[in-house]
Amino acid sequence: MDDHRLTIVSNIQVLREEIAELRAQKKTVALVPTMGALHEGHLSLIDFAKEHADKTVCSIYVNPTQFAPGEDLDAYPRPLVDDIRALEGKLTDFVFTPTDDEMYPDGFSTKISVSGLTSALCGKSRPDHFDGVATIVTKLLLMVQPDFAIFGEKDYQQLLVIRRFVRDLNIPVEILGAPIIRGEDGLALSSRNQYLSAKEREVAPQLHQTLNQLSEKIKDISKDLSELLASANDELTRLGFKVDYLEIRDAKSLAPIAEIFEDQAARLFVAAKLGNTRLIDNVAV
Ligand code: PAF
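Going by my numbering, the sequence shown opens with residue 1, and the numbers climb by one from there.
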């Protein structure tokens, strides 16, 4: 008989006690931080975690400080019962579902802020977003003190920001990036895809197709980079996207790239709105 059990914890003190017990048993621990509305992309992070550690903790918390006023905090899907069922299906060991009061008690006045990496791409149109992410991820890392924490490459800039503050603050955890999971039509899986109307959902995969085509063209170093980017931008606009950015940057530093050299790790990044839904994607060049 399968005696696996998913333990649901919403209190920080109880979480600490559970983790201490695992430590006493010399178990390694992986943390998968999420905001819930779990899809196959998240579940692949759980698989990844299970490959690396003895025990897996998934946190589900829609973090208010990473949303700007007017963004989708209230609308963000919160299907907790389905999420718990999906985590049980993946034999996850713990799910941590704290309340806002638990995470941000009255008088909360601290933030973790990473400069440089956060000034471009999503940081430009969402100026406080990465402070919110860095602060909540730091809190989660201090609560769970995992050996590994897993983040998807779909939020590639987020992954680099997290690696940076973990290094800068000497937080003893190994940050692992996991590949983007896509639908059959190439659309990167995202909890926000469910905001798309049927018509928008048909158009949405063109974001990835355009990135792929652009990445192929960029390999031909005789072509002018800025012209290629401008024409891909026009193509997305013609398809109905409102492009926030479409840029090629260094995959490690996110420094802008004006010219491609061989052996350079470059990456294409896009954010665009389709109707009211903001989609992001990235591919290696
Ligand atoms: O990527 C996300 O879902 C969130 O930004 C994270 C890392 C769980 C922090 O709230």
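Glycine residues also receive a C-beta, built at the ideal position from the N, C-alpha and C atoms. Quick caveat, the model's predicted, so the values are computed rather than measured.
- For the ligand PAF, a non-hydrogen atom lies closer than 7 angstroms to the CB of Q66.
- Relative to the non-hydrogen atoms of the ligand PAF, the Cβ of V166 never comes closer than 7 angstroms to any of them.
- Residue pairing for P256: DSSP places it in a beta bridge opposite R249.
- About 6 angstroms separates the beta carbon of P77 from that of Q194, a gap short enough to meet the 8 angstroms contact definition.
- Linking V62 to L279 through their CA atoms gives a straight-line distance of about 18 angstroms.
- Following the DSSP letters along the chain, one finds K273 inside the beta strand (DSSP E) bounded by residues A266 to L274.
- At least one heavy atom of the ligand PAF is found less than 7 angstroms from the C-beta of P33.
- Contact between L160 and L254 holds, since their C-beta atoms are separated by about 6 angstroms, short of 8 angstroms.
- When the alpha-carbon of I221 is set against those of V270, E200, D47 and V285, the nearest one is in V285.
- The closest CA to that of S59, considering only L38, A75 and Q264, is found on L38.
- Taking a C-beta distance under 8 angstroms as the contact criterion, A49 and V32 qualify as a contact pair.
- Around T56, the same chain offers A30, V32, I46, A49, K50, T92 and D93 as residues with beta carbons nearer than 7 angstroms, after the five sequence neighbours per side are excluded.
- C-alpha of S215 to C-alpha of I257: approximately 14 angstroms in a straight line.
- Taking non-hydrogen atoms of the ligand PAF into account, the C-beta of V161 is found less than 7 angstroms away from none of them.
- Within 10 angstroms of the beta-carbon of Q25 lie fewer than 16 other beta-carbons, which makes it exposed.
- A Cβ-Cβ separation of about 5 angstroms places L228 in contact with K217 under the 8 angstroms criterion.
- Around the beta carbon of R249, 16 or more other beta carbons sit within 10 angstroms, so the residue counts as buried.
- Using a cutoff of 7 angstroms, the CB of Q158 counts as near the ligand PAF, since one of the ligand's heavy atoms is closer than that.
- For R278, the enclosing beta strand (DSSP E) begins and ends at T277 to A284.
- The DSSP-derived three-state label of I46 is helix.
- If one requires a minimum length of 4 residues, the alpha helix (DSSP H) runs lying completely within the region 99 to 158 are 100 to 103, 122 to 125 and 129 to 144, in chain order.
- Distances from the alpha-carbon of I162 to those of I136, I181 and D185 put I136 closest.
- Looking from the CA of L22, the closest CA among Q145, Q209 and V114 belongs to Q145.
- Shortest Cα-Cα distance from V81 to any of D74, G89 and A75 involves G89.
- Taking 8 angstroms as the upper bound for CB-CB distance, K242 and A272 are in contact here, some 6 angstroms apart.
- Shown here, R182 sits in a strand according to DSSP, grouped into three states.
- Under the three-state reduction of DSSP output, P64 falls in the helix class.
- Exposure of T7 is indicated by the presence of fewer than 16 other C-beta atoms within 10 angstroms of its C-beta.
- In terms of side-chain proximity, the C-beta atom of N63 is found nearer than 7 angstroms to a non-hydrogen atom of the ligand PAF.
- In this structure, A53 keeps its C-beta atom at 8 angstroms or more from the C-beta atom of F130.
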